[in-house]
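In the numbering used here, the protein residues as written are 177 to 288.
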């Protein structure tokens with residue numbers, strides 16, 4: 177549902193929702209051939225690093241300083257510029273904000 181909503185809202189002919197449709201090896205091959213992969217700090221980020229695939233990694237409640245940032249030659253990091261005393265709130269992040277505001281995600285600026 178969310179992945180399909182993002183793909184639909186994007187309205188770009190080269191954006192495809194393949195969430196849950198590919199094996200690990202198929203995912204790696206697709207990522208390796210992509211112009212850019214947009215991922216959060218999770219397994220797809222590390223898969224991009226393993227394949228040296230281009231990647232933009234979005235960090236919310238975690239931080240690249242933990243040593244889990246992208247390793248690809250072509251990599252970018254998207255994260256808030258706001259200094260938040262509650263960030264990071266854990267080594268592996270949280271699915272909901274312990275403080276209730278989720279500013280680490282809400283204040284990320286993406287510029288075309």
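Quick reminder that beta carbons are idealized off the backbone N, C-alpha and C, glycines included. From a predicted model like this one, the values you see are computed outputs, not experimental measurements.
Check	Outcome
Closest Cα partner of residue 235 within the set 191, 257, 203 and 200	257
Residues that DSSP places opposite residue 254 in a beta bridge	234
Residue 269: first and last residue of the uninterrupted alpha helix (DSSP H) it sits in	Where residue 269 is concerned, there is no enclosing alpha helix (DSSP H), given that its DSSP letter is neither H nor E.
Integer-rounded CB distance, given that residue 207 should sit under 8 Å from residue 213	5 Å
Candidates 247, 240 and 202, of which the one nearest residue 224 by Cα	247
Within 8 Å, strictly: CB atoms of residue 280 and residue 252	no
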